[in-house]
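Chemist: Below are the structure tokens for one structure; questions will follow.
10 protein chains.
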Amino acid sequence: MAQPLKVNSASEPFADLPPICAQLFEAKAKKGATFDDIAKAIGRDEVWVAALFYGQAKLSEQELAALSNYLELPHASLQAELGANWWPRRGLGPMPPTDPVLYRLYEGVLVYGNAIKAIIHEKFGDGIMSMIDCKVNIERKPDPKGDRVVLTFDGKFLPYLKW
Amino acid sequence: MAQPLKVNSASEPFADLPPICAQLFEAKAKKGATFDDIAKAIGRDEVWVAALFYGQAKLSEQELAALSNYLELPHASLQAELGANWWPRRGLGPMPPTDPVLYRLYEGVLVYGNAIKAIIHEKFGDGIMSMIDCKVNIERKPDPKGDRVVLTFDGKFLPYLKW
Amino acid sequence: MAQPLKVNSASEPFADLPPICAQLFEAKAKKGATFDDIAKAIGRDEVWVAALFYGQAKLSEQELAALSNYLELPHASLQAELGANWWPRRGLGPMPPTDPVLYRLYEGVLVYGNAIKAIIHEKFGDGIMSMIDCKVNIERKPDPKGDRVVLTFDGKFLPYLKW
Amino acid sequence: MAQPLKVNSASEPFADLPPICAQLFEAKAKKGATFDDIAKAIGRDEVWVAALFYGQAKLSEQELAALSNYLELPHASLQAELGANWWPRRGLGPMPPTDPVLYRLYEGVLVYGNAIKAIIHEKFGDGIMSMIDCKVNIERKPDPKGDRVVLTFDGKFLPYLKW
Amino acid sequence: MAQPLKVNSASEPFADLPPICAQLFEAKAKKGATFDDIAKAIGRDEVWVAALFYGQAKLSEQELAALSNYLELPHASLQAELGANWWPRRGLGPMPPTDPVLYRLYEGVLVYGNAIKAIIHEKFGDGIMSMIDCKVNIERKPDPKGDRVVLTFDGKFLPYLKW
Amino acid sequence: MAQPLKVNSASEPFADLPPICAQLFEAKAKKGATFDDIAKAIGRDEVWVAALFYGQAKLSEQELAALSNYLELPHASLQAELGANWWPRRGLGPMPPTDPVLYRLYEGVLVYGNAIKAIIHEKFGDGIMSMIDCKVNIERKPDPKGDRVVLTFDGKFLPYLKW
Amino acid sequence: MAQPLKVNSASEPFADLPPICAQLFEAKAKKGATFDDIAKAIGRDEVWVAALFYGQAKLSEQELAALSNYLELPHASLQAELGANWWPRRGLGPMPPTDPVLYRLYEGVLVYGNAIKAIIHEKFGDGIMSMIDCKVNIERKPDPKGDRVVLTFDGKFLPYLKW
Amino acid sequence: MAQPLKVNSASEPFADLPPICAQLFEAKAKKGATFDDIAKAIGRDEVWVAALFYGQAKLSEQELAALSNYLELPHASLQAELGANWWPRRGLGPMPPTDPVLYRLYEGVLVYGNAIKAIIHEKFGDGIMSMIDCKVNIERKPDPKGDRVVLTFDGKFLPYLKW
Amino acid sequence: MAQPLKVNSASEPFADLPPICAQLFEAKAKKGATFDDIAKAIGRDEVWVAALFYGQAKLSEQELAALSNYLELPHASLQAELGANWWPRRGLGPMPPTDPVLYRLYEGVLVYGNAIKAIIHEKFGDGIMSMIDCKVNIERKPDPKGDRVVLTFDGKFLPYLKW
Amino acid sequence: MAQPLKVNSASEPFADLPPICAQLFEAKAKKGATFDDIAKAIGRDEVWVAALFYGQAKLSEQELAALSNYLELPHASLQAELGANWWPRRGLGPMPPTDPVLYRLYEGVLVYGNAIKAIIHEKFGDGIMSMIDCKVNIERKPDPKGDRVVLTFDGKFLPYLKW
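Residue numbers (the UniProt record's numbering), protein chains in the order written: chain A, 1 to 163; chain D, 1 to 163; chain L, 1 to 163; chain G, 1 to 163; chain U, 1 to 163; chain Y, 1 to 163; chain B, 1 to 163; chain F, 1 to 163; chain S, 1 to 163; chain C, 1 to 163.
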């Protein structure tokens with residue numbers, strides 16, 4: 001069951017985010033909601049919502065209103081800190097990450113990055129997988145030997161322009 | 001159609017790999033094979049094979065024999081450089097990556113890493129997605145607005161031990 | 001439509017700028033003005049005005065008065081924090097940038113920097129494009145496949161002095 | 001007038017490029033051709049050609065044949081080192097650049113990067129200027145006070161995907 | 001004998017931890033308890049408890065209640081800062097460590113890391129010692145020439161997945 | 001069964017070691033010996049022998065003779081490269097390690113380093129665990145849920161001198 | 001004419017200096033004095049005075065009294081923060097500098113450093129130009145093509161001691 | 001008296017320069033010439049000549065011919081390596097410099113950089129001292145307490161463009 | 001004569017030390033005592049006392065009482081911040097040091113470190129000079145050409161353990 | 001007894017030194033001489049000689065002749081590589097040092113650097129201990145609890161110039 005939560009907004013990564021980001025986590029815990037509950041309430045995916053909580057995505061007016069309503073946070077505060085005039089400053093350090101959950105993702109780039117690049121070039125040609133036009137998804141896959149995390153990046157292939 | 005290829009084994013990342021790694025790429029190009037062709041010949045996935053070509057995975061005796069046979073490379077050379085007594089030194093730099101294909105993966109960690117961590121904890125508790133007991137898959141998904149790269153990490157959840 | 005905005009002046013990059021910089025953004029949002037509106041009001045270009053908002057340019061007395069008037073901010077505060085006795089400390093980190101908008105500019109240097117250098121030398125000889133005597137311009141170019149950002153640096157060529 | 005040239009292929013950045021890159025510069029000098037001459041011969045822009053010489057772009061079969069023909073370099077060598085089976089590893093260091101021509105571009109990001117980001121968001125919304133679907137152009141603009149370098153990036157705006 | 005203690009919660013590493021972490025050390029000192037005393041009170045090992053004090057482990061509900069009770073710290077504060085909704089952000093810098101106690105551990109990786117890797121591969125094959133499914137133990141071993149620290153990592157071997 | 005092995009002595013970490021270090025690995029593989037076999041032949045522990053193979057330890061005259069004899073390597077070569085006049089330059093990079101086996105050890109310092117320091121101070125007072133007067137041991141501990149690596153550092157406690 | 005000035009003492013480089021350093025700049029602006037005016041009042045050069053304002057030099061008792069008197073700042077405050085018991089901690093970051101004025105000095109070392117070293121050795125032998133026993137001077141040299149900054153370091157040559 | 005000299009062209013900074021740079025130093029020593037002798041022979045200053053020897057300046061056709069003649073080095077070699085088609089890649093590392101002669105210059109930026117910036121702004125306004133349109137001079141100033149190095153940078157002031 | 005002193009405890013290196021460290025310097029100045037005076041009062045050497053003032057050493061109960069008494073600082077404050085339950089976190093940055101006094105020590109390692117290592121091995125064999133069991137001493141040696149600083153490290157030789 | 005030695009001149013730190021430096025060590029070992037033996041033969045101290053062997057000091061003509069004679073190395077080779085026309089490039093990396101002998105010296109700066117600075121200022125005023133006009137000495141001090149290394153830096157105090 002969810003419990004009260006007090007986030008230290010002076011600690012990383014909150015110190016460089018709008019102060020309301022810490023309050024989003026507190027409100028979520030107070031309500032006992034999952035990211036998926038919130039995602040359903042505002043019409044988005046849970047990973048996108050979690051990114052928003054860390055100041056890495058931008059709400060539309062409607063999403064902002066729905067979030068304010070669902071989490072019972074003042075609409076004006078959300079408007080002021082994460083509204084139309086606010087733009088995400090994306091990228092949260094440190095790098096290399098020290099937290100093991102984050103480090104394993106980074107290690108994926110270190111160990112499998114060149115292989116992924118080689119396969120992308122073989123299947124698509126000279127270009128990249130977009131991280132802008134990209135969806136991120138996480139599923140829990142039951143497995144008798146221990147459940148598995150299935151993390152998917154679904155990004156548009158962008159061919160290099162020649163001119 | 002595949003063409004002859006000459007890899008500069010003194011350039012990065014080949015300079016720190018067994019010299020036969022550069023020859024693997026040349027043999028593949030000479031044969032006009034895809035990573036998937038090779039993968040089928042040795043009974044593995046194409047991403048794993050590409051990782052192997054960059055010295056990031058270890059062949060069994062049978063896989064080594066099958067690879068030698070398929071790429072028409074001397075069995076003794078493969079044995080000597082990538083055989084039972086060789087162990088991968090994983091991790092290929094530089095970091096942050098300068099190549100845009102690799103950088104986008106790194107940017108995925110920078111932008112979505114904290115969100116992924118938050119969702120993993122919510123769905124699984126205190127622990128990590130293993131990058132050791134992990135499969136990496138790449139699919140080309142047709143899309144009228146531009147085909148998409150679907151990159152999947154399927155890794156076992158490992159709960160933190162308490163003692 | 002522009003909304004109220006509250007900028008966290010303790011966050012980066014505002015923490016190392018005069019505190020009034022954060023207020024400039026709030027005043028702009030309150031008024032619902034674009035950078036171009038402000039630029040017209042003080043007789044400058046929108047990019048230069050945006051640079052000023054980040055403490056990267058210096059106002060003349062007349063520009064300061066016009067800005068104070070247009071944004072309805074106390075003249076004395078602007079004088080004290082950005083007036084004649086204040087000098088910009090230019091350069092805002094981190095580098096490499098973590099924000100994807102900034103990173104793409106940095107990637108432009110990584111990927112095309114040597115080519116740009118080679119063309120400058122071929123067309124002008126031994127010297128540089130000044131970043132001091134330089135105008136920066138941004139236009140939105142409509143395009144049926146997706147509008148384009150046209151970013152221009154117009155800088156004086158400075159030949160290397162020999163002595 | 002162009003002179004003979006001998007490029008040290010063991011020095012940076014050539015040490016990490018296919019060895020033929022150094023020969024491209026030598027062949028160009030031998031012929032006394034400009035990047036624009038070569039660009040016209042293969043149907044591309046001069047900046048793209050300069051990028052190619054530094055291993056930062058990929059030739060089509062036709063472009064490779066035209067380049068081989070124009071620079072009188074063996075077609076087989078170009079095929080082997082820069083042909084269909086070769087993929088650019090983009091990004092040439094060091095960063096921050098030590099060469100003043102390159103540094104000034106980097107300084108452009110340090111000083112005007114946040115302003116550029118702010119204007120892009122104001123004119124286009126939440127997204128980036130693509131450095132993949134992007135053309136780079138350099139013009140010499142005559143000016144009585146000293147000619148100017150006009151450097152233009154023309155990149156597609158990519159809005160952030162929400163999901 | 002233990003004495004009163006006042007921890008500066010604005011100093012490293014406490015500045016990036018929940019503020020209650022500093023209070024845990026103060027409460028421990030006030031009570032004159034050892035880590036082992038606390039460990040026995042909550043049913044865990046002393047090293048795990050010390051890790052918890054530095055925000056590097058996560059309490060169960062029962063452990064949290066027992067800790068609150070034993071250290072006479074308000075249950076609600078512990079709940080709010082280290083409870084069910086809080087997740088450790090592991091990894092405490094700086095690296096390389098400047099403190100000699102920490103540096104010697106780091107030096108162990110520098111000097112003996114490759115040897116340890118070689119022995120692990122020889123005894124277990126291609127894989128790693130888990131730092132997630134891992135117990136850390138410290139014993140004082142009496143020795144007439146000076147007592148010894150016996151530090152043990154007992155981690156599960158994880159073989160690399162092939163797919 | 002052990003197979004022939006060819007170590008690339010120009011790759012890391014061998015490039016900065018005496019060239020005979022690469023040959024030690026080749027001779028070991030040729031003989032099909034384990035580190036423990038060699039250790040028994042020269043009267044040392046297997047981890048110490050592996051450290052020696054990476055140039056991180058120094059042989060006595062007798063050990064050198066025994067090693068030369070056991071591995072059938074010319075005594076004069078060993079004398080010249082690793083003999084009385086050679087001194088180890090300890091510490092093998094890169095740091096942070098990119099190889100996952102090494103990284104997990106480094107992660108142990110990141111995650112548990114402060115806890116280990118706290119316990120050492122509590123049990124021994126102000127001082128350090130020596131990494132000079134220190135033995136390193138690795139055992140394979142059978143476990144039905146997966147065998148475990150037991151890695152032990154047994155180092156003398158050194159109290160800080162006061163003067 | 002000089003205007004009121006408010007320095008943010010929490011911003012760099014003031015955050016790591018005695019708080020009175022920021023007040024020195026404010027008092028200077030209030031009085032409308034130049035560094036040279038202050039230098040004359042206390043019997044020093046303007047560059048030395050500017051260095052003092054940034055906490056990079058140490059006042060004698062007489063200079064401190066004269067400075068207090070001239071800038072109308074309380075003698076006791078200056079005594080307490082910059083008096084006999086205070087010692088400069090020299091060196092102000094970041095390095096490489098991001099501000100273009102500072103960067104150009106740094107670029108001077110990057111581009112001309114080796115040439116300067118070679119000339120010093122040729123003219124003086126094995127040794128250095130002292131940066132301790134060194135005067136720094138800046139003159140404005142009128143020039144019809146644009147006035148010039150003449151920056152001079154006049155430092156004692158120190159030969160390397162042999163023993 | 002000058003002696004024979006053998007420069008290791010594989011060592012830093014020569015490894016990243018045209019190989020003839022090392023030969024310039026050898027030819028200079030063989031001839032027993034000073035930088036000033038060479039400067040007079042080609043009509044330039046000694047510091048500029050020393051910069052040229054480190055690949056940090058570009059010769060005109062006439063200077064190249066005069067240098068070839070004076071140092072008795074083949075004209076064709078100089079043409080090929082430092083001629084019209086070669087462009088300097090300026091900036092020689094490492095930074096911070098480890099050599100004490102270079103470090104003292106770097107320390108000058110660390111300690112006096114902010115003071116120099118403040119004085120430049122006071123005397124010239126918002127802009128920089130050019131390091132492109134800049135002369136560097138070194139004089140030996142006799143002094144009974146020890147001769148002094150007088151190092152002068154004479155660079156054009158460049159005001160920041162506003163647009 | 002010593003004067004009042006006000007140390008900014010939010011500046012480096014005090015920001016990461018117990019707040020009482022700044023007060024130690026203030027109390028010392030107030031009393032007009034030298035480090036040697038304090039050292040005599042508590043029975044220690046002046047360098048050790050200075051290290052203590054920077055939080056780099058640990059007081060015994062008796063030393064703490066004597067220090068409190070001599071400097072007229074509340075015993076309870078010293079107990080709480082530097083008493084039995086406090087442990088030094090040694091190592092004060094930044095590195096490389098920017099302050100010239102500290103940098104010269106660092107330069108000693110850069111320039112003479114390898115020579116010192118070679119002599120230690122020649123005189124003692126394979127091992128190190130302990131920095132834990134080590135006394136540091138500073139004497140002023142009069143010299144007609146300028147007094148000299150004689151800085152001595154007297155550390156136990158620790159031979160490498162073999163096992 | 002000294003044995004034959006073969007130094008790998010392509011490894012660090014020899015790769016960046018004149019190739020004869022590696023031969024100096026081989027000649028010393030061949031002769032079975034200590035640094036002190038050589039020092040006596042050329043009239044210098046053993047630490048200075050060891051520094052010379054690492055390219056960190058400069059020989060006079062007489063010292064060069066004496067060294068050539070004593071070590072039986074060709075005078076012409078020494079002249080060419082370390083003679084009058086060669087100048088040391090001082091400073092040998094990496095930093096922080098990875099070798100424990102070097103690291104302990106570095107740790108001395110980290111732990112005791114601020115204390116040393118404080119004592120120097122108290123005893124001498126505002127200035128530094130010269131590392132140029134400095135002698136380095138190493139003695140073996142017998143001690144029943146383990147012999148000690150006594151390392152002394154004897155450097156001239158240089159007061160900061162005011163102007």
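C-beta atoms are modelled at their ideal positions from N, C-alpha and C, and glycine is treated no differently. Bear in mind the structure is a predicted one, so any value in this text is a computation, not a measurement.
(1) Can you check the region 20-49 of chain B for any alpha helix (DSSP H) of at least 4 residues that lies completely inside it and give the ranges in chain order?
(2) Only counting runs of 4 or more residues, tell me where the alpha helix (DSSP H) segments fall wholly within the UniProt domain "Cyanate lyase C-terminal" (91-163) of chain G, in order along the chain.
(3) Within the chosen definition, does the region 102-120 of chain Y reach the region 95-114 of chain U through at least 3 CB pairs nearer than 8 Å?
(4) Specify, as a first and last residue, the run of the alpha helix (DSSP H) that E61/G falls within.
(5) For N8/A, go through chain U and note every residue whose CB falls closer than 7 Å to its CB, in chain order.
(6) Can the beta-carbon of L5/U be found less than 8 Å from the beta-carbon of A15/S?
(7) Taking the alpha-carbon of L78/C as reference, which of Y160/F, T152/F, G155/F and V7/F has the nearest alpha-carbon?
(8) Kindly indicate which three-state DSSP category E81/G falls into: helix, strand or coil?
(9) Less than 8 Å separating the beta-carbons of L82/D and Y54/D?
(10) Buried or exposed, going by whether 16 or more other CB atoms sit within 10 Å of the CB of E46/D?
(11) Counting only the same chain and skipping the five closest in sequence on each side, list residues whose C-beta sits under 6 Å from that of R90/U.
(12) For A27/A versus L71/A, is the C-beta distance shorter than 8 Å?
(13) For L92/C and F153/S, which I take to be in contact (beta-carbon distance under 8 Å), what is that distance rounded to the nearest angstrom?
(14) For A50/G, which option in K30/G, L24/G, A65/G and P97/G has the closest C-alpha, if you only look at C-alpha atoms?
(15) Please report the straight-line C-alpha distance between M1/U and W48/U, rounded to a whole angstrom.
(16) Spatial neighbours of I128/B within its chain, please: CB distance less than 7 Å, with the 5 preceding and 5 following residues excluded, ordered by chain position.
(17) Using a Cβ-Cβ cut-off of less than 8 Å, list which residues of the region 116-130 of chain L approach chain F; keep chain order.
(18) For residue 177/C, count the other beta carbons within 10 Å of its own beta carbon; 16 or more makes it buried, fewer makes it exposed. Which is it?
(19) Return the residue from the list D37/D, I132/D, S60/D and I119/D that minimises the CA-CA distance to I119/A.
(20) Run the proximity test for P159/L: is its beta-carbon closer than 7 Å to any non-hydrogen atom belonging to the ligand NAD?
(21) Could you check the C-alpha separation between Y160/F and D126/F for me, to the nearest Å?
(22) Is the Cβ-Cβ distance between P19/L and S11/L less than 8 Å?
(23) Return the CA-CA distance between V109/C and H121/D, expressed in angstroms with no decimal places.
(24) Is the shortest distance between the beta-carbon of L78/L and the beta-carbons of chain G less than 8 Å?
(25) Mind checking the region 72-97 of chain Y against chain S and listing, in chain order, the residues whose C-beta falls within less than 8 Å of any C-beta there?
(26) What number of angstroms, rounded off, separates the C-alpha of I138/B from the C-alpha of K156/F?
Modeler: Taking the geometry as given:
(1) For the region 20-49 of chain B, the continuous alpha helix (DSSP H) assignments of 4+ residues that do not extend past its boundaries occur at 20-31 and 35-42, in sequence order.
(2) As summarised for the UniProt domain "Cyanate lyase C-terminal" (91-163) of chain G, the continuous alpha helix (DSSP H) elements at least 4 residues long and confined to that stretch are 100-124, given in chain order.
(3) Yes: at least three Cβ pairs fall under 8 Å.
(4) Taken as a continuous stretch (DSSP letters only), the alpha helix (DSSP H) holding E61/G covers E61 to L71.
(5) Near N8/A (Cβ distances below 7 Å), the residues of chain U are P18 and P19.
(6) Going by C-beta atoms, L5/U is not nearer than 8 Å to A15/S.
(7) For the residues Y160/F, T152/F, G155/F and V7/F, the minimum Cα distance to L78/C belongs to V7/F.
(8) Here E81/G carries a helix assignment [DSSP, helix/strand/coil].
(9) A distance of 8 Å or more separates the beta carbons of L82/D and Y54/D.
(10) Per the 10 Å Cβ criterion, buried.
(11) Close CB contacts of R90/U within its chain, under the 6 Å cut and outside five residues either way in sequence, are with Q56 (chain order).
(12) Annotated as proximal: A27/A and L71/A, with beta-carbon spacing under 8 Å.
(13) Not confirmed; about 20 Å, so no contact.
(14) Residue nearest to A50/G within the set K30/G, L24/G, A65/G and P97/G is L24/G (criterion: CA-CA distance).
(15) Because M1/U sits at a pLDDT of 46, beneath the cut-off of 50, its placement in the model cannot be relied upon, and the following sentence gives the value as read from the coordinates. Rounded to the nearest angstrom, the two C-alpha atoms are 23 Å apart.
(16) L158.
(17) Against chain F - using a Cβ distance shorter than 8 Å - the residues of the region 116-130 of chain L are K117, A118, H121, D126, G127, I128 and S130.
(18) No answer is possible for residue 177/C: the residues shown for chain C start at 1 and end at 163.
(19) For the set D37/D, I132/D, S60/D and I119/D, the Cα lying nearest the Cα of I119/A is the one of D37/D.
(20) In the structure shown, the ligand NAD is absent, as is every other ligand, since no ligand is present at all.
(21) One C-alpha to the other measures close to 6 Å.
(22) Against a cut-off of 8 Å, the Cβ pair of S11/L and P19/L comes out as no contact.
(23) Distance between the alpha carbons of V109/C and H121/D: 42 Å.
(24) Cβ-Cβ to chain G under 8 Å: no for L78/L.
(25) Listed by position, the residues of the region 72-97 of chain Y near chain S (Cβ gap below 8 Å) are W87 and P88.
(26) Each residue's Cα considered, the two are about 13 Å apart.
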